[in-house]
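A.B. asks:
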Amino acid sequence: MLRFLILTGCRTNEAVEARWSEIDRQNSTWKIPGERMKMDQDHYVPLSDPALTVLDELRDGRQGELVFTSPDGGAFSENAMLAVLDRLGYGHVAVHGFCSTFATWAEECTEHPDGVREAALATSTRARQLQPINEAKSSKSEDH
Numbered sequence: 001m002l003r004f005l006i007l008t009g010c011r012t013n014e015a016v017e018a019r020w021s022e023i024d025r026q027n028s029t030w031k032i033p034g035e036r037m038k039m040d041q042d043h044y045v046p047l048s049d050p051a052l053t054v055l056d057e058l059r060d061g062r063q064g065e066l067v068f069t070s071p072d073g074g075a076f077s078e079n080a081m082l083a084v085l086d087r088l089g090y091g092h093v094a095v096h097g098f099c100s101t102f103a104t105w106a107e108e109c110t111e112h113p114d115g116v117r118e119a120a121l122a123t124s125t126r127a128r129q130l131q132p133i134n135e136a137k138s139s140k141s142e143d144h
């Protein structure tokens, strides 16, 4: 589940509550319904080949509707990701940091406009959140 979260840039609750019926394998997309989204709008996540591989490794026809199920067959707690990071020796890392890392990568390594990056993360406030950070980076680089 952690690998899928990182590959899709989604939030923990979105991955924990992912359903097979939301996955469109043929079009390589995941439609997260608005009621599970921060902005109450359906969100379409393009699924890369590595993200599809994660899903293919899980899908064996025996699962229920949830993509990621706990050992008791129910949904994982949102704290499950933190527990995984802790067991891997990364207890100091926040799961939301992967979303921030995605935003930074998109800003620094792609030519996509802010609106596309915001849409990928399903947030309209991302640019405002990053503005002080980016301004600080700019002023530091100008000082050197």
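Note that the numbering used here numbers the sequence shown so that position 24 is 24, with each residue one more than the last. For every residue, glycine included, the Cβ atom is placed at its ideal position computed from N, Cα and C. The model shown is predicted, which means the values in this text are computed figures rather than measured ones.
1. My assumption, with CB atoms under 8 Å, is that R66 sits in contact with A80. Please give the rounded CB distance.
2. Less than 8 Å between the beta carbons of G9 and C99, yes or no?
3. Hey, quick one: how far does the alpha helix (DSSP H) through P50 stretch, first residue to last?
4. Taking 7 Å as the cut-off, is the CB of T12 close to at least one heavy atom of the ligand MN?
5. Output the distance between the C-alpha atoms of D86 and H92, rounded to the nearest integer angstrom.
6. Relative to the C-alpha of L52, which residue among E17, T12, P113 and N27 is closest?
7. Run through the stretch 64-92 for me and flag every whole beta strand (DSSP E) of 3 or more residues, listed as ranges in chain order.
8. Could you please give the first and the last residue of the uninterrupted alpha helix (DSSP H) stretch that includes W105?
9. Suppose the cutoff is 7 Å on Cβ atoms and the five residues either side in sequence are ignored; what does the same chain contact list for S48 look like?
10. E57 and N13 look like a contact to me (Cβ under 8 Å); what is the Cβ gap, rounded to whole Å?
C.D. replies: Once the coordinates are examined:
1. Correcting the residue identity first, residue 66 is Leu in this sequence and not Arg. Between A80 and L66 the Cβ distance is about 13 Å, and since that is not below 8 Å, they are no contact.
2. yes
3. D49 to L58
4. As far as ligands go, the structure on display features none, and thus does not contain the ligand MN.
5. 8 Å
6. N27
7. none
8. H96 to C109
9. L7
10. Their Cβ separation, rounded to whole angstroms, is 22 Å, which puts E57 and N13 out of contact at 8 Å.
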